[in-house]
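Structure record follows, encoded as structure tokens.
Residue numbers (the working numbering): 153 to 558.
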């Protein structure tokens with residue numbers, strides 16, 4: 153007679169800003185935990201997944217629980233965070249795993265209720281605040297200090313902390329922090345996807361389209377690419393402000409932009425399959441110097457060379473693995489020259505792409521980071537061994553694991 157199976161440990165991921173198809177939270181963390189045997193839900197403000205009866209939408213063995221997404225910072229802070237917390241509490245989870253600093257009060261409340269809570273830190277919040285133009289300059293240092301103190305408290309109160317970069321990890325207690333870097337899910341990117349490399353004319357950018365990610369400079373650069381008039385900037389993501397859209401549309405490079413809007417994961421893969429190069433640029437501010445942009449690793453996984461900012465961390469990756477070019481990020485002429493060089497040297501560009509893909513396969517991939525996430529969960533919420541229903545003496549089948557490398 154079969155033994156009773158243990159009750160699955162229930163995990164609820166909470167976010168007040170991300171959407172249901174978020175690559176780090178849903179595609180990597182939630183799906184990995186579900187495949188390991190946890191009962192996983194993801195609570196987010198995403199109008200695409202709100203159902204009339206309030207039921208979850210199930211995808212890849214994860215329940216997506218959506219609350220209405222409301223515009224405006226004040227509404228998000230006051231209304232959305234409360235709605236997300238309320239929906240999460242209804243799931244009666246064993247572990248709550250939240251992804252936004254504005255949910256720290258909710259995390260502290262959950263800890264006070266005796267719940268196991270994980271804070272997933274995607275950004276270096278104090279540094280980020282110092283660069284926010286919508287915060288009056290005279291207030292930024294004070295607000296950053298308050299944010300640092302709040303995160304210090306959270307780091308010593310939560311059951312565990314997940315840090316996205318080594319710099320962030322150093323700000324939290326080592327005994328309860330794991331480093332889970334936002335590297336590429338290698339299995340998403342097929343080796344020969346898309347049109348043949350020699351026929352590609354796309355220059356890819358995927359991500360938030362905003363000033364500090366050099367959106368205007370990229371468009372201006374396309375207007376300076378003279379020797380390859382068929383080159384096109386394939387732009388995918390949300391344009392942050394109306395002013396940014398107007399600035400780009402006023403550029404001489406705008407007629408050479410193919411704006412695709414916000415794409416799902418399959419759409420991103422198709423876009424990269426049309427691209428000869430991928431761009432990942434940032435303004436030279438402190439919080440970007442050691443950032444680890446997932447788009448950089450995804451371009452590499454897709455087998456295309458990269459053009460990235462001439463910052464020490466980015467330069468170290470590109471020069472060590474010979475997988476692209478580094479440029480001053482606010483210099484459209486330098487960006488244009490890099491694009492022209494890669495288009496003019498297709499054999500070298502394709503070789504750069506192959507080297508980038510190989511290093512992602514061996515090093516910068518989600519499979520390696522998934523192990524660190526599981527290490528945290530093995531400490532705070534270990535899975536019980538599954539009872540075997542097979543006759544004694546026969547080996548039981550091993551548990552499948554999520555993977556980025558085949």
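Think of the CB as a built atom: it goes at the ideal place given N, C-alpha and C, for glycine as much as any other residue. All figures in this text were calculated on a predicted structure; none of them were measured in a lab.
- Taking the CA atoms as reference points, residue 393 sits about 14 angstroms from residue 414.
- CA-CA distance, residue 356 to residue 197, rounds to 28 angstroms.
- Contact check for residue 427 and residue 386: beta-carbon distance about 6 angstroms, within the 8 angstroms limit, so the pair qualifies.
- Counting along the chain, no beta strand (DSSP E) covers residue 529; the unbroken alpha helix (DSSP H) around it starts and ends at 518 to 532.
- Residue range 329 to 331 is occupied by the beta strand (DSSP E) that includes residue 329.
- For residue 247, the uninterrupted beta strand (DSSP E) segment begins and ends at 247 to 250.
- In summary, residue 518 is buried, with 16 or more beta-carbon neighbours lying within 10 Å of its beta-carbon over all protein chains present.
- Annotation for residue 430: no alpha helix (DSSP H) segment contains it, though the beta strand (DSSP E) segment containing it runs 427 to 432.
- For residue 333, the number of other beta carbons within 10 angstroms of its own is at least 16, and it is reported as buried.
- If the five residues before and after residue 378 are omitted, its C-beta is found closer than 7 angstroms to no C-beta atom of its own chain.
- Look at the stretch 271 to 323 and you find these whole runs of alpha helix (DSSP H), each 4 residues long or longer: 277 to 282, 289 to 309 and 318 to 321.
- The residues 337 and 518, in chain order, have a CB closer than 7 angstroms to that of residue 180 in the same chain once the five nearest residues on each side in sequence are set aside.
- If you look at residue 459, you'll find it in the beta strand (DSSP E) that goes 458 to 461.
- Taking the Cβ atoms as the reference, residue 164 lies roughly 17 angstroms from residue 264, outside the contact range of under 8 angstroms.
- Around the CB of residue 369, 16 or more other CB atoms lie within 10 Å, so the residue is classed as buried.
- A contact between stretches requires three or more CB pairs, one per stretch, nearer than 8 angstroms, and the stretch 275 to 284 meets this requirement with the stretch 299 to 308.
- Contact annotation, residue 457 with residue 405: C-beta distance approximately 20 angstroms; criterion of less than 8 angstroms not satisfied.
- When Cβ pairs closer than 8 angstroms are counted between the two stretches, the stretch 214 to 230 is seen to touch the stretch 185 to 195, the count reaching three or more.
- Within 10 angstroms of the beta-carbon of residue 317 lie 16 or more other beta-carbons, which makes it buried.
- Contact check for residue 237 and residue 208: beta-carbon distance about 16 angstroms, past the 8 angstroms limit, so the pair fails to qualify.
- Rounded to whole angstroms, residue 432 and residue 161 show a C-alpha spacing of 38 angstroms.
- Separation of residue 200 and residue 173 (C-alpha to C-alpha, rounded to the nearest whole angstrom) is 10 angstroms.
- With contacts defined as CB atoms closer than 9 angstroms, residue 240 and residue 271 fail to qualify as a contacting pair.
- If you keep only unbroken alpha helix (DSSP H) runs of at least 4 residues inside the stretch 381 to 429, you get 394 to 401 and 417 to 424.
- Boundaries of the beta strand (DSSP E) around residue 476: 476 to 479.
- Check the Cα spacing between residue 383 and each of 409, 531, 366 and 360: the tightest is with 409.
- Contact between the stretch 417 to 427 and the stretch 340 to 349 is present: 3 or more CB-CB pairs across the two stretches fall below 8 angstroms.
- Looking from the CA of residue 328, the closest CA among 452, 335, 365 and 313 belongs to 313.
- Membership of residue 466 in any beta strand (DSSP E) is not indicated; the residue belongs instead to the alpha helix (DSSP H) covering 464 to 473.
- A direct Cα-Cα distance of roughly 20 angstroms separates residue 184 from residue 252.
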